[in-house]
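Numbering (the working numbering), first residue to last: 7 to 283.
Contents: one structure, followed by commentary.
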Amino acid sequence: MKKIAVLGAGAMGHGIAYVSALAGYDVWVRDIDQKFLDKALENIKKMLEKAVAKGKMKEEKAKEVLDRLHFTLDMKEAIEGAELVIEAVPEIMDLKKKVFEEVQKYASPECYFATNTSGLSITEIANITDRPEKFMGLHFFNPVPIMQLVEVIKGEKTADSTIEYGVNFVKSIGKTPVVVKKDVEGFIVNRCLVPYLALAIDDVGRGVATKEEIDATMKYKYAFPMGPIELGDFVGLDILYYGGEQWSLVPNADILKEKIEKKELGMKTGRGFYDWS
Ligand code: CAA
Numbered sequence: 007m008k009k010i011a012v013l014g015a016g017a018m019g020h021g022i023a024y025v026s027a028l029a030g031y032d033v034w035v036r037d038i039d040q041k042f043l044d045k046a047l048e049n050i051k052k053m054l055e056k057a058v059a060k061g062k063m064k065e066e067k068a069k070e071v072l073d074r075l076h077f078t079l080d081m082k083e084a085i086e087g088a089e090l091v092i093e094a095v096p097e098i099m100d101l102k103k104k105v106f107e108e109v110q111k112y113a114s115p116e117c118y119f120a121t122n123t124s125g126l127s128i129t130e131i132a133n134i135t136d137r138p139e140k141f142m143g144l145h146f147f148n149p150v151p152i153m154q155l156v157e158v159i160k161g162e163k164t165a166d167s168t169i170e171y172g173v174n175f176v177k178s179i180g181k182t183p184v185v186v187k188k189d190v191e192g193f194i195v196n197r198c199l200v201p202y203l204a205l206a207i208d209d210v211g212r213g214v215a216t217k218e219e220i221d222a223t224m225k226y227k228y229a230f231p232m233g234p235i236e237l238g239d240f241v242g243l244d245i246l247y248y249g250g251e252q253w254s255l256v257p258n259a260d261i262l263k264e265k266i267e268k269k270e271l272g273m274k275t276g277r278g279f280y281d282w283s
């Protein structure tokens with residue numbers, strides 16, 4: 007069985023771990039606090055139980071998937087013997103660099119490194135490692151089990167063979183890769199999505215229309231499953247704010263800043279622009 011390591015057990019990390027274990031990989035999830043690992047396991051168990059209850063998965067298979075998932079606080083245990091490391095820690099450049107400095111102490115020379123950053127520079131993170139040619143972006147979307155697309159991003163020094171590996175990995179877990187050939191802020195999706203969400207939020211602040219009207223308009227016009235304000239709450243207003251702040255893609259972040267100060271971060275806190283409690 008091929009071993010992969012997923013660093014960070016949050017919404018993205020546990021989703022990536024889940025779809026990889028479903029596809030047959032031996033997955034090691036590492037986080038810094040047991041409570042994050044426990045929550046990740048609980049979420050994965052819920053997804054498996056639901057799939058079994060709906061007759062979409064046999065109980066035997068659900069058990070096999072759980073057996074292929076390992077949760078640890080120990081970086082060495084997670085990394086040793088892995089052919090791929092996918093980092094999914096918070097969107098803070100210095101934190102991501104610190105994580106890879108530790109990863110490379112235990113990774114084999116053959117191991118590929120990937121970051122699930124939503125838009126930070128792949129090249130900048132890659133350059134602090136001993137293998138920028140084996141470093142790529144693998145950007146998944148939330149909720150990972152449902153969203154089909156994965157961006158495979160080329161940093162300045164990423165080798166073509168690394169991109170080929172990334173594309174094949176994405177296909178092997180049943181998802182659809184798109185290769186992003188230039189390491190630009192936000193890549194393909196968030197380069198378009200973040201300014202769209204931020205402009206819609208800015209419109210709410212300016213009183214252009216209500217959030218309900220904006221959401222309904224965009225859903226009606228483009229058949230999007232969620233309107234931009236709803237999607238902002240879904241993605242997390244903190245992620246949007248901090249991501250946007252670092253990429254210079256957000257035109258007016260004042261209203262977001264207020265939400266962060268009030269800890270109204272979207273669905274995950276029960277309130278963002280909407281009440282989700
Ligand atoms: N985790 C796992 N499965 C989930 C889920 C979650 N968080 N949310 C919903 N699902 C599953 C449901 O269980 C259901 O599965 P079944 O068909 O087996 O029952 C299926 O998805 C449909 O769910 P619902 O019927 O409850 O709701 P829905 O039809 O309204 O779909 C949605 C929910 C899939 C989230 C849909 O609203 C949607 O696609 N929204 C847009 C999501 C999106 O654009 N994501 C990208 C965000 S940007 C990002 O992630 C990148 C970044 O860097 C910021």
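Ideal Cβ placement from N, Cα and C applies to all residues, glycine included.
Query raised in the report: Cβ of P149 versus every heavy atom of the ligand CAA: is any distance shorter than 7 Å?
Result: Mapped onto the sequence shown, residue 149 falls at position 143. Answer for P149: yes, Cβ within range of the ligand CAA.
Report task. Have a look at H20 and E97 and give me their C-alpha separation to the nearest angstrom. Result -> Along the sequence shown, one-based indexing puts residue 20 at 14. Along the sequence shown, one-based indexing puts residue 97 at 91. One C-alpha to the other measures close to 16 Å.
Query raised in the report: Ordered along the chain, which non-local residues of its own chain (more than five positions away) have a Cβ less than 7 Å from that of L237?
Result: Along the sequence shown, read from residue 1 onward, the residue named residue 237 stands at position 231. Cβ neighbours of L237 beyond the five flanking positions: L203.
Query raised in the report: Nearest to I194 by CA position, among K268, Q40, T78, L144, is which residue?
Result: Along the sequence shown, read from residue 1 onward, the residue named residue 194 stands at position 188. Checked all of K268, Q40, T78, L144; the closest Cα to I194 is L144.
Query raised in the report: V241: beta carbon under 7 Å from a heavy atom of the ligand CAA?
Result: Start at 1 with the first residue of the sequence shown, and residue 241 comes out as number 235. Under cutoff, so the answer is yes.
Requested in this report: Counting only the same chain and skipping the five closest in sequence on each side, list residues whose C-beta sits under 7 Å from that of G242.
Outcome: Here residue 242 refers to the residue found at position 236 of the sequence shown. Result list for G242: L271, G272, K274, in chain order.
Query raised in the report: So, helix, strand or coil for G21, using DSSP?
Result: Position 15 of the sequence shown holds residue 21. G21 falls in the helix class under three-state DSSP.
Query raised in the report: Beta carbon of K160: closer than 7 Å to some heavy atom of the ligand CAA?
Result: Taking the first residue of the sequence shown as position 1, residue 160 is located at position 154. Because no heavy atom of the ligand CAA lies under 7 Å away, the Cβ of K160 does not count as near it: no.
Query raised in the report: Under the three-state reduction of DSSP, which class applies to R212: helix, strand or coil?
Result: Residue 212 sits at position 206 when you count from the first residue of the sequence shown. Reduced to three states, the DSSP call for R212 is helix.
Query raised in the report: Looking at the structure shown, is T121 part of a helix, part of a strand, or coil, going by DSSP?
Result: Residue 121 sits at position 115 when you count from the first residue of the sequence shown. The answer is strand: DSSP assigns T121 an E or B state.
Report task. May I ask you to verify whether the segment 145-160 touches the segment 172-189, counting CB pairs closer than 8 Å and requiring at least 3? Result -> yes
Query raised in the report: Are there three or more Cβ pairs, one per stretch, closer than 8 Å when the segment 75-93 is compared with the segment 103-112?
Result: yes
Query raised in the report: So G16 packs on A94, CB below 8 Å; how close in whole Å?
Result: In the sequence shown, the residue the question calls residue 16 occupies position 10. In the sequence shown, the residue the question calls residue 94 occupies position 88. Right, the Cβ-Cβ distance comes to about 7 Å (below 8 Å), so this counts as a contact.
Query raised in the report: Pairing CB atoms from the segment 58-73 with CB atoms from the segment 113-129, are three or more of them under 8 Å?
Result: no
Query - Residue ranges of each beta strand (DSSP E) within the segment 124-192, 3 or longer - result: 141-145, 155-160, 182-186
**Report entry** A222 - DSSP class collapsed to helix/strand/coil
**Finding:** Translated into positions along the sequence shown, residue 222 becomes position 216. Helix at A222.
Query - Secondary structure of R36, DSSP reduced to three states - result: To locate residue 36, count along the sequence shown from 1; it is residue 30. It is a strand residue.
Requested in this report: List the DSSP bridge partners of I10.
Outcome: Counting from one through the sequence shown, the residue named residue 10 turns up at place 4. DSSP output for I10 lists V33, L90 as bridge partner(s).
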